[in-house]
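Numbering (the UniProt record's numbering), first residue to last: 3 to 359.
Ideal Cβ placement from N, Cα and C applies to all residues, glycine included.
One structure is given here, and the rest of the page talks about it.
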Ligand code: PLP
């Protein structure tokens, strides 16, 4: 198999794919694939509730929160959040840390009043702007942050302590490290990085926030609709939820979230070391205090060398290292399912390439 450094959809654990393969034609003695089960059947119900229960256990989600399985990706959440939780008289505040937070801001601005409380845009999003105050924002509906910036390769190391409802897009680092769910009022994530294949979006929401949804929002876009029906209001993405349950089981067999977090740190250190020891040949995009353990972004001395780097890497089966089209350079996405060995192989390749070129 390829050493897969794609940013998303991205690598899945081999054990998960093998389990899915072994059950593909006959799931749990049903004589059917999971894909063929009615979403109202008991067999599917067990899959659905297992995924929810495992997520609750692994992320230690308190009973005062609901877990929803939605569709439309994180991008639909950009719109759904303000539609539900941004009343006319209030304002949604944003910390801008990259393209995805810009997109979240753009959608909220179509619905109501917004403001940017901190931003690192002027510095080309090289760091997380940790230094801001929220005490005097009396008109705030919520504060929105992006916990990991997939494109720029920065990640919040500590989250803001605030009295304002805190909403986080965790699409690219959910399940990569331990978090205190109680610091947040709403967490959302498209599944296609650490959680499973694309198609399902996980939302973790405080139950008392659910009570504040705007009644004028169309039924399908109202969080209450999905919470009241255990995310079975309409046909859910059953196969993606099944894959999510397998990924969550895999996290448990790997020793749980803390183990995963430690391994992710180790993996990231290997790649950042290859950058830091390159005497300026590879330049990191992110400042030290904001470096992402999920997406390592760097540039080479020229476009030609970058092209050559990507071609030679591909020959070594190191796939998906090109940077996002808006930033250029290179990006190694090293999500949970990317093995340590892949990072070692990449670091070795980086050292060899530098010596040669
Ligand atoms: N937010 C972040 C941080 C992302 O990395 C992405 C996709 O890469 C998105 C939002 C958009 O997610 P989706 O494609 O599920 O709408």
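The beta strand (DSSP E) enclosing residue i, as first and last residue numbers
| i | result |
| --- | --- |
| residue 72 | 67-72 |
| residue 204 | 203-208 |
| residue 117 | 115-121 |
| residue 335 | 332-335 |
| residue 30 | Premise fails: residue 30 is in no beta strand (DSSP E) and is neither H nor E. |
| residue 171 | 168-171 |
| residue 188 | 188-192 |
| residue 53 | Note, residue 53: premise wrong, no beta strand (DSSP E); alpha helix (DSSP H) at 44-60. |
| residue 98 | 93-98 |
| residue 300 | 297-301 |
Neighbourhood of residue i by C-beta distance below 7 Å, restricted to the same chain and skipping five residues each side
| i | result |
| --- | --- |
| residue 295 | 157, 178, 266, 267, 270 |
| residue 104 | 98 |
| residue 344 | 5 |
| residue 46 | 39, 40, 240 |
| residue 180 | 259, 260, 263 |
| residue 342 | 265, 268, 269 |
Buried versus exposed call for residue i [16 or more other C-beta atoms within 10 Å across all chains shown]
| i | result |
| --- | --- |
| residue 37 | exposed |
| residue 9 | buried |
| residue 117 | exposed |
| residue 328 | exposed |
| residue 50 | buried |
| residue 220 | exposed |
| residue 94 | buried |
| residue 303 | exposed |
| residue 306 | exposed |
| residue 198 | buried |
| residue 354 | exposed |
| residue 182 | exposed |
| residue 210 | exposed |
| residue 159 | exposed |
| residue 222 | exposed |
| residue 123 | exposed |
| residue 109 | buried |
Residue i and residue j closer than 9 Å at C-beta
| i | j | result |
| --- | --- | --- |
| residue 339 | residue 89 | no |
| residue 323 | residue 96 | no |
| residue 27 | residue 40 | no |
| residue 85 | residue 74 | no |
| residue 161 | residue 185 | yes |
| residue 149 | residue 171 | yes |
| residue 1 | residue 56 | What the structure shows of the chain is the stretch from 3 to 359, and residue 1 is not part of that stretch, so it cannot be assessed. |
| residue 315 | residue 246 | no |
| residue 335 | residue 12 | yes |
| residue 79 | residue 205 | yes |
| residue 243 | residue 125 | no |
| residue 1 | residue 337 | Residue 1 is absent from the structure shown; the chain starts at 3 and stops at 359. |
| residue 352 | residue 276 | yes |
| residue 22 | residue 92 | no |
| residue 278 | residue 129 | no |
| residue 215 | residue 225 | yes |
| residue 102 | residue 76 | yes |
6 Å Cβ shell around residue i - same chain, five flanking residues per side excluded
| i | result |
| --- | --- |
| residue 333 | 297, 299, 325 |
| residue 168 | 145, 186, 187 |
| residue 18 | 248, 249, 252 |
| residue 308 | 302 |
| residue 284 | 277, 300 |
First through last residue of the alpha helix (DSSP H) which encompasses residue i
| i | result |
| --- | --- |
| residue 83 | 75-87 |
| residue 283 | Per DSSP, residue 283 belongs to no alpha helix (DSSP H) and is neither H nor E. |
| residue 148 | Counting along the chain, residue 148 falls outside any alpha helix (DSSP H), though it belongs to the beta strand (DSSP E) covering 142-148. |
| residue 351 | 342-358 |
| residue 19 | 16-25 |
| residue 249 | 240-255 |
| residue 265 | 259-278 |
| residue 311 | 305-317 |
| residue 365 | The chain is shown only over 3 to 359; residue 365 falls outside these bounds and no answer can be derived. |
Own chain, CB closer than 8 Å to residue i, minus 5 neighbours either side, in chain order
| i | result |
| --- | --- |
| residue 293 | 155, 156, 157, 270, 274, 286 |
| residue 60 | 177, 250, 253, 254, 258, 259 |
| residue 163 | 185 |
| residue 312 | 323, 324, 332 |
| residue 346 | 272 |
Rounded Cβ spacing between residue i and residue j (contact assumed at less than 8 Å)
| i | j | result |
| --- | --- | --- |
| residue 65 | residue 212 | So it is not a contact: roughly 13 Å between Cβ atoms. |
| residue 153 | residue 201 | Wrong, their Cβ atoms sit about 22 Å apart, outside the cutoff. |
| residue 113 | residue 139 | Rounded, the Cβ-Cβ distance is 18 Å, inconsistent with contact. |
| residue 203 | residue 72 | 5 Å |
| residue 127 | residue 151 | 7 Å |
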